[in-house]
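Q:
Number of protein chains: 4
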Amino acid sequence: MSAGQIDLNCDMGESFGAWRMGEDAAVMPHITSANIACGFHAGDPDTMRRTVALAIQHGVAIGAHPSLPDLAGFGRREMKVSANEAYALIAYQVGALDAFARAAGRRVTHVKPHGALYNMAAKDVALSDAIAVAVHDVDATLILVGLAGSELPRAGERAGLRVAHETFCDRRYEADGSLSPRGVEGAVIDDIDSAVAQGLALAAHGEITARGGSLLKLKVDTLCIHGDKPNAAAFAARLRAALDAAGVRIAALAN
Amino acid sequence: MSAGQIDLNCDMGESFGAWRMGEDAAVMPHITSANIACGFHAGDPDTMRRTVALAIQHGVAIGAHPSLPDLAGFGRREMKVSANEAYALIAYQVGALDAFARAAGRRVTHVKPHGALYNMAAKDVALSDAIAVAVHDVDATLILVGLAGSELPRAGERAGLRVAHETFCDRRYEADGSLSPRGVEGAVIDDIDSAVAQGLALAAHGEITARGGSLLKLKVDTLCIHGDKPNAAAFAARLRAALDAAGVRIAALAN
Amino acid sequence: MSAGQIDLNCDMGESFGAWRMGEDAAVMPHITSANIACGFHAGDPDTMRRTVALAIQHGVAIGAHPSLPDLAGFGRREMKVSANEAYALIAYQVGALDAFARAAGRRVTHVKPHGALYNMAAKDVALSDAIAVAVHDVDATLILVGLAGSELPRAGERAGLRVAHETFCDRRYEADGSLSPRGVEGAVIDDIDSAVAQGLALAAHGEITARGGSLLKLKVDTLCIHGDKPNAAAFAARLRAALDAAGVRIAALAN
Amino acid sequence: MSAGQIDLNCDMGESFGAWRMGEDAAVMPHITSANIACGFHAGDPDTMRRTVALAIQHGVAIGAHPSLPDLAGFGRREMKVSANEAYALIAYQVGALDAFARAAGRRVTHVKPHGALYNMAAKDVALSDAIAVAVHDVDATLILVGLAGSELPRAGERAGLRVAHETFCDRRYEADGSLSPRGVEGAVIDDIDSAVAQGLALAAHGEITARGGSLLKLKVDTLCIHGDKPNAAAFAARLRAALDAAGVRIAALAN
């Protein structure tokens, strides 16, 4: 097996006020990049501060996880925003998180849009461009993370940013590289062995079997760990062991 | 008359979405420091972006105007927040605004809390310390603006920040240097000539007559222009002319 | 000219906290139905209370004007909400407004969705059904107001509600009865004489000339007055005079 | 032991969007009155709908649990609101919840303010009066629930409402009938046996031992079950068994 390098990212800091979500403390030791909620879908300011501290404690790269403004919908509801609005909400949230990183002597290193914004940006050129230009304007050294092969990484490259192609261990892909819609049977890979195997295939070879059986090649810079799954930490540990055994180096995107 | 130096500041960017407030375009040419709302009492992200651009166009220093989280109350309602909460909401808002400044090639230079937070911080040591430490942690070169002679500038100095003492042209003072409560007759100086005269006395001599008739000495680094008054731009122009005639240099705090 | 009956409605109570919008006091005397914002796009609770009082003072019917949850976007941004979510946000807002009506000895008489929700409901059967069933469940005597000839009134009838078809004096129509998109030249009728003429034609005959020249028949129960236009009160007065002269009775929907 | 009657109430519906709080389904079978969050500190509209349905399923009285507008602080942070603002936010939230009750063929029967609003109202006459008048104006048959012996029940009586005095099984009381502040040692009664014993003493005799050892008489109409405690359902079951054994009838306030 050839040795590559892979980043393991997870959405973090998605509690809000008195409400808890995710097992951040359990998962953080196993990942290399944390995408931290910035207050629009989750993550009040004090939660952001504590999540940044947790990431630093474990040597994990601090990333912004900006969203559409939708607390009640957890940022999962599509919303028509103009390019100006998208630009401004990205800059706002990245800056807000960066304040906590700077206060702790660090900086935000990457940006991964959340939920509906992520999915819309994968297909919408104008939205992707607005996001990418905002990220670039705030800090041209930031890495923009998006769905592998989708519009968002393309927009990032047009804007002059480093980009990272994200893939999923526990989601089935269509032959064209898009994710199988959740309604489709088998769209979510619940079996841990299968998810680890797909993660390993993605990280080591960038090649998996799509739904329907065809071979699919994907650019793969980072694997997403779903932190809201009950066994997220255990899954992450198993995945790391498999990657280690295969000689794949696990490191944050900037390294 | 001795020549001193004075900053003229005004709260800006207090529109929100479809709602307009203030005559920012008319007032901006007359001031040296803009305190820009950061989304918690006013100022959606796109309004923040446009207000930063307007400040830059007129060579006005960009300041953050963070608030308690209270859109419906415009940040004017006192709210008991813990030191941790205060720290986090200050860092969050300063960072959010700074993203728009950085995107335009500038930086935030000062921070002035808004409304109830400003008034509470003038008297509350623990709250003032939380605010000052947050500002210092985010960027130790920021200038912290607070009510002249109050707890907030003291906390700023303890935290190692440059501070600015703010005074008001159109508010009466008590003998102890506090503002006369709004309920008191004559607490607000509506006559423009009187307000200009008080502004000049503050800027040139740091000395005015308090309610009751005693002489009051105040530290004076910046004068507040109330941008929500109907004649804010005309008042600012008159004040500048009076300051010019008296040989008082008008310049932003950092200059 | 044959004499019919027409309702004149206007969106009201769209201020929020310290921000003002619309000339409610000037327009209220000229209309028969007020659609009052319910807090999701505009209208904090105290504004709702005062707007209900103003409507009662002028004998105007009290209607709910529920919206998608989007203060920063004034409810004008489309948002994908599920049928359950739509049902719940309609019930919530109608109930909230009804509390102020009941506190003043009245009841809400009609419901007209706002902005993006109104436009989406005109075309989306599932969304319209969710809205209509919610209105019916809360109070089966409520009148549901929607774009003339669109899905929303149809859904209202399926739910067993009285419905009202709404038309616009100052918007051009396509041959199929839809509103000409705002991008199209002439989509908005800015000339007051032309708008009054179209309003009269709609109220008296239910017949106007569509863009392109064809004759368009529309069901017309109520005409919308745009209260955010600078001359809304003057326009409403002119329209009333024209309707009076033509023998069209002006009365609220329930009368 | 003399037989009295007692209501068992619990705060319910305090989830929000994707975030869960409380074990509503486990606790609901054991109580007689549900105080349902109304969107200002918790409880999005769809959660309100589902919580009303759950209460009906278990024959539990539907009550409104209105709060200061503070999602990030879960309504636990004191906030200075005017009497007008308090009136309006109470009416708004009671009406919103009542819509879901009416949609299910029921009505809201009681109102218990939440968190900081509850605590402030216990001591603040003007605030209590605003709350009580709002409740009365919306529906004069509603029962107002407040801290036993505090200003809120007094204000309710002045407004002409039925009131209910609430006491706590798991909180220590001072000799004057106020709750021992949480900072004080022993302020929270964690031992289940002791909490059951205090609940029984309150319900059967209206008499407990205050901190310091003196006997304290309290008016007791309803006991609060803290639903956010890990063993809330088990505690409620134990308390019911003790009340049954002592011949105390358990019934909703209106019964």
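Chains as they are written, first to last, in my numbering: chain A, 1 to 255; chain B, 256 to 510; chain C, 511 to 765; chain D, 766 to 1020. All C-beta atoms in this analysis are idealised placements derived from N, C-alpha and C, irrespective of residue type, glycine included.
1) Looking at chain C, is there any beta carbon in it that lies within less than 7 Å of the beta carbon of B:F423?
2) Under the rule that 16 or more other beta-carbon atoms within 10 Å means buried, what is C:K622, buried or exposed?
3) Can you have a look at B:A356 and say buried or exposed, based on whether 16 or more other CB atoms are within 10 angstroms of its CB?
4) Go ahead and pull the three-state DSSP assignment for B:H285.
5) Nearest-angstrom Cα distance between B:G401 and B:G370?
6) Any idea if A:R182 is buried or exposed, counting beta-carbon neighbours within 10 angstroms, 16 or more meaning buried?
7) Using a C-beta to C-beta distance shorter than 8 Å, which residues of chain C count as neighbours of B:G272?
8) Less than 7 Å between CB atoms is the rule here; does B:D299 satisfy it with respect to chain C?
9) C:F745 touches chain D at which residues, Cβ-Cβ below 8 Å?
10) One question on the structure: do A:A64 and A:V108 come within less than 7 Å of each other, judged by their Cβ atoms?
11) My guess is that B:G432 and B:A387 are in contact by the Cβ rule of under 8 Å, so how many angstroms apart are they, rounded?
12) My assumption, with CB atoms under 8 Å, is that C:I718 sits in contact with C:A711. Please give the rounded CB distance.
13) Decide yes or no for the touch test of the segment 82 to 92 of chain A against the segment 301 to 317 of chain B: beta carbon pairs closer than 8 Å, at least 3 of them.
14) Is it true that the segment 770 to 779 of chain D meets the segment 985 to 1001 of chain D, where meeting means three or more beta-carbon pairs spaced less than 8 Å apart?
15) Just to confirm, are D:L860 and C:A614 a CB contact at a threshold of 7 Å?
16) Using the beta-carbon count (16 or more within 10 Å), is A:T141 buried or exposed?
17) Tell me where the alpha helix (DSSP H) around B:R534 begins and ends.
18) Would you say the beta carbon of B:H369 is closer than 6 Å to some non-hydrogen atom of the ligand NAP?
19) Can you pull the chain D residues whose beta carbon is under 8 Å from the beta carbon of A:M21, in chain order?
20) At a cut of 8 Å, does the segment 56 to 74 of chain A reach the segment 280 to 293 of chain B through at least three beta carbon pairs?
21) Under a three-way DSSP split, which group does A:K123 fall into?
22) So, at 7 Å on beta carbons, what are the nonlocal neighbours of C:H646 in its own chain, with the 5 sequence-adjacent residues on each side left out?
23) Name, please, each residue of chain D whose Cβ falls closer than 8 Å to the Cβ of C:L637.
24) Among D:G921, D:M793 and D:A807, which one has its Cα closest to the Cα of A:F16?
25) Just checking: is the beta-carbon of A:R102 within a distance shorter than 7 Å of some beta-carbon in chain B?
26) Counting only C-beta atoms, is C:M589 closer than 7 Å to chain A at any point?
27) Suppose you measure from the CA of C:V570 to the CA of D:A891; what does that come to, to the nearest Å?
28) Taking Cβ positions, are B:L508 and B:G454 nearer each other than 7 Å?
29) Chain B beta carbons: is any one of them nearer than 7 Å to that of A:R106?
30) Keeping to the same chain, check which residues put their C-beta closer than 7 Å to that of B:A491; ignore five residues upstream and five downstream.
31) Let me know the secondary structure DSSP gives D:R867 once reduced to three states.
32) Any Cβ of chain C within less than 7 Å of the Cβ of D:V859?
33) Would D:A962 and D:A1011 qualify as a contact pair, given that the criterion is a beta-carbon distance under 7 Å?
34) Thinking B:A354 and A:Y92 are a contact (beta carbons under 8 Å), I'd like their distance in whole angstroms, please.
35) Mind checking if C:M511 is an interface residue toward chain B, Cβ cutoff 7 Å exclusive?
A: In this structure, then:
1) For the purposes of this step, residue 423 of chain B is taken as residue 168 along the second sequence, with counting starting at 1. No, because no Cβ of chain C sits closer than 7 Å to the Cβ of B:F423.
2) Residue 622 of chain C sits at position 112 when you count from the first residue of the third sequence. By the neighbour-count criterion, in which a residue is buried when 16 or more other Cβ atoms sit within 10 angstroms of its Cβ, C:K622 is buried.
3) Here residue 356 of chain B is taken as the residue at index 101 of the second sequence, counted from 1. Flag for B:A356 reads buried.
4) Along the second sequence, one-based indexing puts residue 285 of chain B at 30. Helix.
5) Mapped onto the second sequence, residue 401 of chain B falls at position 146. Mapped onto the second sequence, residue 370 of chain B falls at position 115. Roughly 11 Å between the two C-alpha positions.
6) If you number the first sequence from 1, residue 182 of chain A lands on position 182. When all chains shown are included, A:R182 counts as exposed.
7) The residue given as residue 272 of chain B occupies position 17 in the second sequence. What B:G272 touches in chain C: L581, A582, G583 and F584.
8) In the second sequence, residue 299 of chain B corresponds to position 44, counting from 1. Interface residue, yes.
9) Walking along the third sequence from the start, residue 745 of chain C turns up at place 235. Correct list: empty, because the minimum Cβ distance to chain D is about 31 Å.
10) The residue labelled residue 64 of chain A in the question sits at position 64 within the first sequence. The residue labelled residue 108 of chain A in the question sits at position 108 within the first sequence. Yes; because the gap between Cβ atoms is below 7 Å, this pair is in contact.
11) The count along the second sequence starts at 1 and reaches residue 432 of chain B at position 177. The count along the second sequence starts at 1 and reaches residue 387 of chain B at position 132. A Cβ-Cβ distance of about 20 Å is found for the pair B:G432 and B:A387, leaving them out of contact under the 8 Å criterion.
12) For the purposes of this step, residue 718 of chain C is taken as residue 208 along the third sequence, with counting starting at 1. For the purposes of this step, residue 711 of chain C is taken as residue 201 along the third sequence, with counting starting at 1. Correct: roughly 5 Å between the Cβ atoms.
13) The segment 82 to 92 of chain A makes contact with the segment 301 to 317 of chain B: 3 or more CB pairs, one atom from each, lie closer than 8 Å.
14) Result yes; three or more Cβ-Cβ pairs closer than 8 Å.
15) As a first step, residue 860 of chain D must be located in the fourth sequence, where it is residue number 95. As a first step, residue 614 of chain C must be located in the third sequence, where it is residue number 104. Going by the sequence as given, residue 860 of chain D is Gly instead of Leu. Not a contact, by the Cβ cut-off of 7 Å.
16) The sequence position of residue 141 of chain A within the first sequence is 141, counting from 1. A:T141 is exposed by the Cβ-count criterion.
17) The structure shown does not extend to residue 534 of chain B, since chain B is modelled only from 256 through 510, so no value can be given for it.
18) With respect to the ligand NAP, the structure offers nothing, as it holds no ligand at all.
19) Counted from its first residue, the first sequence places residue 21 of chain A at position 21. Identification of chain D residues near A:M21 by a Cβ-Cβ cut-off of 8 Å yields A783 and W784, ordered along the chain.
20) Contact fails: fewer than three Cβ-Cβ distances are below 8 Å.
21) Walking along the first sequence from the start, residue 123 of chain A turns up at place 123. In the three-state reduction of the DSSP assignment, A:K123 falls in the helix class, which pools H, G and I.
22) In the third sequence, residue 646 of chain C corresponds to position 136, counting from 1. Excluding residues within five positions, the ones whose Cβ falls inside 7 Å are A669, G670 and L671.
23) Here residue 637 of chain C refers to the residue found at position 127 when the third sequence is read from its first residue. Near C:L637 there are no residues of chain D at all, since even the closest Cβ is about 15 Å away, more than 8 Å.
24) Counting from 1 along the first sequence, the entry for residue 16 of chain A is found at position 16. Residue nearest to A:F16 within the set D:G921, D:M793 and D:A807 is D:A807 (criterion: CA-CA distance).
25) In the first sequence, the residue the question calls residue 102 of chain A occupies position 102. It does: the Cβ of A:R102 has a partner Cβ on chain B nearer than 7 Å.
26) Numbered from its first residue, the third sequence carries residue 589 of chain C at position 79. So yes, C:M589 belongs to the interface.
27) Locating residue 570 of chain C in the third sequence gives position 60, where the first residue counts as 1. Locating residue 891 of chain D in the fourth sequence gives position 126, where the first residue counts as 1. Roughly 32 Å between the two C-alpha positions.
28) Residue mapping note: residue 508 of chain B aligns to position 253 of the second sequence, counting from 1. Residue mapping note: residue 454 of chain B aligns to position 199 of the second sequence, counting from 1. Result no, Cβ atoms of B:L508 and B:G454 do not sit closer than 7 Å.
29) Position 106 of the first sequence, counting from 1, holds the residue named residue 106 of chain A. Answer no: the Cβ-Cβ gap between A:R106 and chain B never drops below 7 Å.
30) Here residue 491 of chain B corresponds to residue number 236 of the second sequence, with the count starting at 1. Beyond the five residues adjoining it in sequence on each side, B:A491 comes within less than 7 Å, by CB distance, of L263, V282, H285, I286 and I480 in the same chain, given in chain order.
31) Against the fourth sequence, residue 867 of chain D aligns to sequence position 102. The answer is helix: DSSP assigns D:R867 an H, G or I state.
32) Taking the fourth sequence and counting its residues from 1, one reaches residue 859 of chain D at position 94. True, the Cβ-Cβ gap to chain C drops below 7 Å.
33) Indexing the fourth sequence from 1 puts residue 962 of chain D at position 197. Indexing the fourth sequence from 1 puts residue 1011 of chain D at position 246. No, the pair does not count as a contact, with Cβ atoms beyond the cut-off.
34) Counting from 1 along the second sequence, the entry for residue 354 of chain B is found at position 99. Counting from 1 along the first sequence, the entry for residue 92 of chain A is found at position 92. The pair is a contact, with the Cβ atoms about 6 Å apart (cut-off 8 Å).
35) Position 1 of the third sequence holds residue 511 of chain C. Here the model assigns C:M511 a pLDDT of 38, short of 50, so the residue's position is not dependable, and the following value carries that caveat. Not flagged as an interface residue toward chain B: C:M511, since no C-beta distance is shorter than 7 Å.
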